[in-house]
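Going by full-length UniProt numbering, the first residue of the sequence shown is number 1, and it counts up by one from there.
For every residue, glycine included, the Cβ atom is placed at its ideal position computed from N, Cα and C.
Being a predicted model, the structure only gives us computed values, none of them experimental.
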Amino acid sequence: MLQVGLSLPRSPGGAARGFPRAEPAGAEGTGSGREAFGSSPVTIVITPEADTWDIDTSSCLGCGQFVDWDRMPDPQQPAQIPRDILSKPPKELKKLAREGCWATSHALRARLYHQLIQQVPCRLVTPDAPVYRDVASRLFGKPSGSPHPLPEFLEGCPMPTYCLNAEGVTALKKILICVGNLFPDITYSPILPSLVALLLHYSEDDAQCFESVSRLIASNAPHTSYIDQSFLAHQASCMTFGDLANKHCPAAHKLIASTSENVFEVYSEWLSWLFHDLPFDYAIRVLDVFLLEGQKVLYRIALALLKQYRLSVASAELEGTDIKADLQAFVQNIAEHVTVSKLLERAFGIRLFSRKEIWLLQMANRKALMERGITMVQSRHSFHLAMDMQNFSSSIVTAQEMRIVWSWIPERFSLSPPLLLFSTSQDGCSLQRFYTCCEGFEPTVLLIKTTEGEVCGAFLSSDWSERKKSGTTSAFFGTGECFVFTVRPEAERYEWVLIQKPELAKAVPRCRQRSPSPCPESLLGSSPGGSPGSSRLTVPTPQRRGRLSPFLATRHFLLPSKTASMFMSGSREGIVIG
């Protein structure tokens, strides 16, 4: 028996929630103070007459006026620090940051943060420290009891205070209010309070901290992002992390998919793991490398946390538990499982895509969200990527099995539930009817059940009508996101080996590689045996790279023509997958 289904968009639903109130952080704990924005009414900051804030006081000689030093972790054991560290080239600075070189000195870290952020390319008109002092004095300088609401973009966002003292918490709120005043385009930014709080530990005053945050917000570096500033951008980042987790943490992903009804809801917390749940001495090491390498490094570290979580728990332990809360508790107690140095070492051992390829994937996810109705201006939007377990029906797989399969496909395609296109029990066994039912839809999921009860299938990223573009020849098409899988007896996913391990392409002798050359159909012809013939199979050339998945760079086509892009093919005689 065979079934084919695909995803089609449906109208979004839900509405933004009301703005919440900030609760004061408790004094207990070491380096883990937090505030949470809960339910309404609106949070306000009031300047009482007896407690005027002095915005224009001169900067202190060093950093630390906002720090509760009793809660601040001691620096690591002194190490040999290069005297000219501030003048090191970026590549060497990255190496030193990954090794924790400036974790040995609070003063060194403060100087480096200031220098690194000053080098971030940003928009020509970016608010700086003098602008902050002017706005802050206008808002807070005069004694009054007038309220100052926190920005709406902080709705539902956690606000860690880490090792800040009372003055630091006040400065944190002032900076966030001024950011909302000077950056009205920000509509949602859950990472911002954490970054401000961390930078305050190493800032001379709140004005310097504001300028640092301002430059990160206004960064215009190509293919590099520091702070998501809308719900659309945030959700696209979460979907991108889900795609990367699916690829790089298959064991953890399978565990989460089998125990959680909504995998995306779990992955939506990935930034909170880093900047809300991690202890201060871990979070600050994350910031060290983040300022040098941008958002890509956050993906690395979150993936390393996910891998470590899978190593630390057993499947039986998670039965009946809230895996989202369990992951949060695991990250909060990460010191019991792995040191920060070892965590970073494992993070940078993960072979990720290039920054540009990750950016392309984010743009694809962003486009899918916009097609679903998510916009730049809205602050929040309630929607679920999980399958509707109640309404799913199939004679081949159960709803739970299909949920696992659905968790394997790229996040942008899982925005909508599957729709049945073809079934042998209803449509018969005609291959031509299969093509007729499936043409015009992409992607498709193929499910096959054997007479022995085993179930396997494939995720096919391209429209089956692509097979017609090569004329009478049988053509391979599809992208690197295609994969095959089994459901029974075991649920496993199998990627094309050169997509899973692109380094294997380098092992192919160059004498065997053919340089693509254009032809009328923009296809390069090659028969499986190497000789021309009417039954030959064709492979795509870079001219069609506009339709390629972000997971498949052009470099993958510099392979022997026998193996290049052999993902899916169809003819009157049969279909080929893999």
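ask   = Is the number of C-beta pairs between the segment 232–241 and the segment 216–224 that are closer than 8 Å three or more?
value = Too few Cβ pairs lie closer than 8 Å, so no.
task = Within 10 angstroms of the Cβ of S203, are there 16 or more other Cβ atoms? Answer buried if so, exposed if not.
result = With 16 or more Cβ atoms within 10 Å of its Cβ, S203 is classed as buried.
request  = Count the other C-beta atoms from every protein chain shown that fall within 10 angstroms of the C-beta of A421, then say buried if there are 16 or more, exposed otherwise.
outcome  = Correcting the residue type first, residue 421 is Leu in the shown sequence and not Ala. If you draw a 10 Å sphere on the C-beta of L421, you find 16 or more other C-beta atoms in it, and that means buried.
task = Quick one: using the 10 Å Cβ neighbour count with 16 as the cut-off for buried, is N365 buried or exposed?
result = So N365 counts as buried.
task = Tell me, please, whether the CB atom of R403 is closer than 9 Å to any CB atom in chain C?
result = Protein chains in the displayed structure number just one, and chain C is not present.
task = State the DSSP-derived secondary structure class of L552, mapped to helix, strand or coil.
result = Confidence at L552 is low in this model, with a pLDDT of 44, below 50, so the placement of that residue should be treated as unreliable; the coordinate-derived value is given next. Here L552 sits in coil by DSSP.
ask   = Closest by CA to L172, which one among L361, A136 and Y188?
value = Closest by alpha carbon: A136.
query = DSSP state of S219, grouped into three classes?
reply = Here S219 carries a strand assignment [DSSP, helix/strand/coil].
inquiry  = If distances are taken between C-alpha atoms only, which option among G141, E293, L369 and V331 comes closest to L96?
reply    = Minimum Cα distance to L96 is reached at E293.
request  = For S393, count neighbouring Cβ atoms within 10 angstroms of its own Cβ and tell me buried if that reaches 16, exposed if not.
outcome  = By the neighbour-count criterion, in which a residue is buried when 16 or more other Cβ atoms sit within 10 angstroms of its Cβ, S393 is exposed.
key: Every unbroken alpha helix (DSSP H) within the segment 390–456, with a cutoff of 4 residues, ordered by chain   = Whole alpha helix (DSSP H) segments, 4+ residues: 399–408, 424–427 and 431–438.
key: Whole-angstrom distance between W270 and W406, CA atom to CA atom   = C-alpha separation (whole angstroms): 20 Å.
task = For H148, name the three-state secondary structure that DSSP assigns.
result = H148 falls in the strand class under three-state DSSP.
inquiry  = Can you give me the C-alpha to C-alpha distance between T187 and E357, rounded to a whole angstrom?
reply    = Taking the straight line joining both Cα atoms gives about 26 Å.
message = Using the Cβ count rule (16 or more neighbours within 10 Å means buried), how would you classify C429?
response = Exposed, by the Cβ-count rule.
message = The beta strand (DSSP E) that contains M363, what's its start and end?
response = DSSP places M363 in no beta strand (DSSP E) but in the uninterrupted alpha helix (DSSP H) bounded by R355 to R372.
inquiry  = What would DSSP say about Y309, mapped onto helix, strand or coil?
reply    = Y309: helix per DSSP, three-state reduction.
key: Segment limits, alpha helix (DSSP H) that includes N131   = Residue 131 is actually Val in this sequence, not Asn. It spans A129 to F140 - the alpha helix (DSSP H) in which V131 sits, taken as one unbroken run.
query = Using CA coordinates, which residue listed in V455, T479 and A491 is at the minimum distance from E466?
reply = If you compare the alpha carbons of V455, T479 and A491 with that of E466, the shortest gap goes to T479.
message = Tell me the DSSP secondary structure of V576 in three-state form.
response = DSSP places V576 in strand when its eight states are reduced to three.
task = Can you say whether F557 is buried or exposed, counting buried as having 16 or more other CB atoms within 10 angstroms of its CB?
result = With a pLDDT of only 36 at F557, under 50, the local geometry of the prediction cannot be trusted, and the value read off the model is given with reservation. With 16 or more other Cβ atoms within 10 Å, it is buried.
query = Between S517 and the rest of its own chain, which residues show a CB-CB distance below 6 Å, the 5 nearest in sequence each way excluded?
reply = Caution is warranted here: a pLDDT of 33 is assigned to S517, below 50, making its placement in the model unreliable, and the coordinate value is therefore given only provisionally. Residues of the same chain with a CB within less than 6 Å of the CB of S517, apart from the 5 flanking positions on each side, do not exist.
message = R346 and K307 - do their beta-carbons sit closer together than 9 Å?
response = Yes, they are a contact pair.
ask   = For F483, which beta-bridge partners are listed by DSSP?
value = Answer is F459 and E495, bridged to F483.
Pairwise C-alpha distance: L192 and T280 = It should be noted that the sequence gives Phe, not Thr, for residue 280. Between F280 and L192, the alpha-carbon positions lie close to 16 Å from each other.
Segment contact, 8 Å Cβ cut-off, at least three pairs: the segment 244–255 with the segment 400–414 = Counting C-beta pairs with one atom in each stretch, the segment 244–255 and the segment 400–414 have three or more that are closer than 8 Å, which means they touch.
ask   = For V67, which beta-bridge partners are listed by DSSP?
value = L164.
Of the listed residues T321, G349, A304 and F264, nearest to I334 (C-alpha basis) = Each of T321, G349, A304 and F264 was checked against the Cα of I334, and the nearest Cα belongs to A304.
inquiry  = At the level of alpha carbons, what is the spacing between K449 and V455?
reply    = K449 and V455: Cα-Cα distance of roughly 4 Å.
ask   = In chain order, what residues of the same chain lie with their CB nearer than 7 Å to the CB of S189, ignoring the 5 residues before and after it?
value = For S189, where only same-chain residues beyond five positions count, the Cβ hits under 7 Å are F153, I227, D228 and Q229.
ask   = Which of the three DSSP states, helix, strand or coil, is assigned to C101?
value = C101 falls in the helix class under three-state DSSP.
ask   = In angstroms, rounded to a whole number, what distance separates the CA positions of V397 and D288?
value = C-alpha separation (whole angstroms): 47 Å.
query = Roughly how many angstroms separate the alpha carbons of I577 and S395, rounded to a whole number?
reply = A straight-line Cα-Cα distance of about 23 Å links I577 and S395.
request  = Since I believe L112 is in contact with L150 (beta carbons under 8 Å), could you give me their beta-carbon distance rounded to a whole number of angstroms?
outcome  = The distance from the Cβ of L150 to that of L112 is about 30 Å, inconsistent with a contact at the 8 Å cut-off.
inquiry  = Starting from I186, trace the alpha helix (DSSP H) in both directions and tell me its first and last residue.
reply    = Secondary structure note for I186: it is in no alpha helix (DSSP H), with a DSSP letter that is neither H nor E.
query = How many angstroms separate the CA atom of T436 from the CA atom of S416?
reply = Their Cα atoms are separated by approximately 23 Å.
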